[in-house]
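Participant:
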Amino acid sequence: MEQVDTVVVGAGVAGLTVARLLQDAGRTVIVLEARDRVGGRVHTDRSDGVVDLGASWIHGVDGSPVAAAAEAFGMRTQEFTVGGYQVDSRPIASHGPDGRRLSPEEARAFADDVHAVDAALPAVIAASAPEASYRDVTEEALATQGWSADRTQRVREYLEHRAEEQYGAWIEDLAAHGLDDDAIEGDEVVFPDGYGVLPERLAEGLDVRLEQIVTRVDWSEDGVWVRTPRGDVMADSAVVTVPVGVLHAGILEIVPPLPAVNAAALGRLRMNAFEKVFLRFPERFWGDGVYAIRQQGPEARWWHSWYDLTPLHDDPLLLTFAAGPAAVATRDWSDAEVQESIMRQLRRLYGDGIPEPTRLHRTAWQDDPFAHGSYAYMTVGSATSDHDDLAAPIGGVLHLAGEATWTDDPATVPAAMLSGHRAAERILGRAVPIERLWVQG
């Protein structure tokens, strides 16, 4: 049995961050990763072009440690600001319930309606009951507007889609405060060469052991004992960075069980249902200069938004999301069935003469045994503090890290990185500049 200072479970961005900082400080560290690759939910598929199956964006580069690391590692970026499922400020081809494209005046009026509700939401959310859902607070904000039923319904649909696309959850299942962190500072960027370069660079020089499935972590004040079918590791401390879905699934046993503060927080967080669907076409039939295609009305229940990724590689490519109910309902569908369902909607908007995709590529994070979903969200009755409470140190030897354990901007790669940085500082008992991740020596 090996003995090290710290064992890290999971080679995603959180795990690689804490391992890199601890090793830089002179500690011996082993990273155990269940997959056959590093990165976790940051995963670039290069089998046919470059496609990010997991994380894609830095949602706001101002002050972002991920943006600073990407620049230091020489990662190419391209501005692609989505703005938290924005309603305007980018060229959006918006279509009404009948499939007709809205005029500029109609699109402006709709955007103004959304902004009016958004302006009313903060006060409503602040005054909401602990058990309030995002549906509850949005309905209250809508009721203050005094609009017609049809006008109200258009904005209601938008708010439903925003909840799904931001957190992969049905609006009634998301806590009223679930979008409190939906703030973006600066441009948003994507990576033409793939987000996967980041974990690949972070892993350089680390003792990362792939295909090592951790089944149990025993902890006491004397240290930790981490078990895998391929061998066990003893350490003074451990950092577990697996997703919330894995903790809920019970495939990794923690003994003794998590203390009440961590367990209660975990019980109020859930993994979402959120899948990407990429459609490559022989031509850009939707026209140049369109950042996104959107539709309203009953037909938009599942497929309501498509994003033009053509500028990334000069290859006609649309990205849409199966989010929340759509992800659950289509989970067992074949690729052909998903493609036909999506194309039925695109034909409504652009006519029957548009070409069929030359390729469809879809993710399956719900069925991933090492994720059980894409990222965590706050269920009804949860509080924003649950993220930090999940990361409360355990017995002075065990730490939880990952995107779900960071309050300010959960469900993001910066959250994962910052949570790993916090865990490293707690283990070392002192402040460590996060820049040590990319400035070595």
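Add 863 to a position in the sequence shown, counting from 1, and you land on the number used in my numbering. Beta carbons: idealized from backbone N, C-alpha and C, even for Gly.
Starting from G1094, follow the beta strand (DSSP E) in both directions and report where the run begins and ends.
Facilitator: From DSSP, the beta strand (DSSP E) with G1094 extends over G1094 to V1103.
Participant: Taking A1128 as the reference, give the member of V1102, V1153, D1036 and T1268 with the closest Cα.
Facilitator: Of the listed residues, the one whose Cα sits closest to A1128 is T1268.
Participant: Using 10 angstroms around the beta-carbon of G1108, count the other beta-carbons present and answer buried if the total reaches 16, otherwise exposed.
Facilitator: Label assigned to G1108: buried.
Participant: Output needed for R1222: all residues of its chain with C-beta closer than 6 Å, excluding positions within five of it in sequence on either side, in chain order.
Facilitator: Cβ neighbours of R1222 beyond the five flanking positions: R1143.
Participant: Nearest to Q1208 by CA position, among T1242, W1165 and P985, is which residue?
Facilitator: Q1208 has its Cα closest to that of W1165, out of T1242, W1165 and P985.
Participant: With DSSP run on the structure shown, which of helix, strand or coil describes R1035?
Facilitator: The displayed chain sequence assigns Glu, not Arg, to residue 1035. If DSSP states are grouped into helix, strand and coil, E1035 belongs with coil.
Participant: What residue from R1019, E1067, D1095 and E1266 has the CA that sits closest to E1002's CA?
Facilitator: Among R1019, E1067, D1095 and E1266, the Cα nearest to that of E1002 belongs to R1019.
Participant: My guess is that R900 and L1073 are in contact by the Cβ rule of under 8 Å, so how many angstroms apart are they, rounded?
Facilitator: About 7 Å; that satisfies the 8 Å criterion.
Participant: Can you have a look at E1027 and say buried or exposed, based on whether 16 or more other CB atoms are within 10 angstroms of its CB?
Facilitator: With 16 or more Cβ atoms within 10 Å of its Cβ, E1027 is classed as buried.
Participant: Which partner residues of L1180 appear in the DSSP bridge assignment?
Facilitator: Its beta-bridge partners are R1143.
Participant: When you compare only the Cα positions, how much space is there between V1060 and D961?
Facilitator: The straight-line gap from Cα to Cα measures roughly 43 Å.
Participant: Can you give the Cα-Cα distance for R904 and V987, rounded to whole angstroms?
Facilitator: Their backbone Cα atoms lie some 34 Å apart in a straight line.
Participant: Does the distance from the CB of S991 to the CB of V1000 come in under 7 Å?
Facilitator: Taking 7 Å as the Cβ cut-off, S991 and V1000 qualify as a contacting pair.
Participant: Counting pairs of beta carbons, one from the segment 1094-1108 and one from the segment 1226-1237, are three or more of them closer than 8 Å?
Facilitator: Enough Cβ pairs lie closer than 8 Å, so yes.
Participant: Please classify H906: does DSSP put it in a helix, a strand, or coil?
Facilitator: Coil, per DSSP.
Participant: Taking 7 Å as the limit between beta carbons, can you name the residues of its chain near D1050, skipping five residues before and five after?
Facilitator: V924, E942 and T944.
Participant: Reducing DSSP to helix, strand and coil, say where A1185 ends up.
Facilitator: Of the three classes helix, strand and coil, the one that applies to A1185 here is strand, per DSSP.
Participant: Looking at G1265: is its Cβ nearer than 7 Å to the Cβ of S1282?
Facilitator: Their beta carbons are under 7 Å apart, which means G1265 touches S1282 by this criterion.
Participant: Any chance you could list the alpha helix (DSSP H) runs of at least 4 consecutive residues sitting entirely within the segment 1180-1261, in chain order?
Facilitator: Fully enclosed alpha helix (DSSP H) runs of 4 or longer: 1188-1192, 1198-1213 and 1248-1253.
Participant: In terms of alpha-carbon separation, which member of E896, A1126, W1169 and E1067 lies closest to H1024?
Facilitator: When each option's Cα is compared against that of H1024, the closest is W1169.
Participant: Taking contact to mean at least 3 C-beta pairs separated by less than 8 Å, is the segment 1212-1221 in contact with the segment 1004-1022?
Facilitator: Taking 8 Å as the limit for Cβ pairs, the verdict is that the segment 1004-1022 does not touch the segment 1212-1221.
Participant: Tell me whether F1137 sits in a helix, a strand or coil according to DSSP, three-state version.
Facilitator: Here F1137 sits in strand by DSSP.
Participant: Between the C-alpha atoms of D1271 and I1156, what's the straight-line distance to the nearest angstrom?
Facilitator: Those two C-alpha atoms are separated by around 30 Å.
Participant: Could you pull the start and end residues of the alpha helix (DSSP H) that I1290 belongs to?
Facilitator: I1290 -> alpha helix (DSSP H) spans V1276 to L1291.
Participant: With DSSP as the reference, label Q1008 as helix, strand or coil.
Facilitator: Of the three classes helix, strand and coil, the one that applies to Q1008 here is coil, per DSSP.
Participant: Return the bridge partner residues of S996 from the DSSP annotation.
Facilitator: DSSP lists A1038 as partners of S996.
Participant: Between the Cα of V1276 and those of D1036, V871, S1237 and H1262, spot the shortest distance and give me the residue it belongs to.
Facilitator: The shortest C-alpha separation from V1276 is found at S1237.
Participant: Within the same chain, show all residues whose beta-carbon is closer than 8 Å to that of V1080, passing over the 5 residues directly before and after it, in chain order.
Facilitator: Closer than 8 Å at the Cβ level, and outside the excluded window around V1080, lie V872, V1087, W1088, V1089, R1090, A1101, V1103, L1115, E1116, I1117, V1118 and L1261.
Participant: For R1210, is the classification buried or exposed, using 16 other Cβ atoms within 10 angstroms of its Cβ as the cut-off for buried?
Facilitator: Burial call: exposed.
Participant: Near A840, what residues of its chain come up, given a Cβ to Cβ distance below 6 Å and the 5 sequence neighbours on each side ignored?
Facilitator: As displayed, the chain neither begins before 864 nor continues past 1304, which places residue 840 out of reach and without an answer.
Participant: Within a Cβ cutoff of 6 Å, which residues of the same chain sit near G1327, ignoring the five residues on either side of it in sequence?
Facilitator: Since the first residue shown for the chain is 864 and the last is 1304, residue 1327 is missing from the structure and cannot be characterised.
Participant: Would you identify the three-state DSSP class for V870, choosing helix, strand or coil?
Facilitator: Residue state, collapsed to three classes: strand.
Participant: Can you give me the Cβ contacts of V892 inside the same chain, cut-off strictly under 6 Å, excluding the 5 residues immediately before and after it?
Facilitator: The answer, listed in chain order, is T869, A882, L885 and Q886.
Participant: Considering Cα atoms alone, identify which of T1247, G1160 and L1172 is closest to V914.
Facilitator: It is L1172.
Participant: Roughly how many angstroms lie between the CA atoms of V1302 and R953, to the nearest whole one?
Facilitator: Straight-line Cα distance between these residues: approximately 36 Å.
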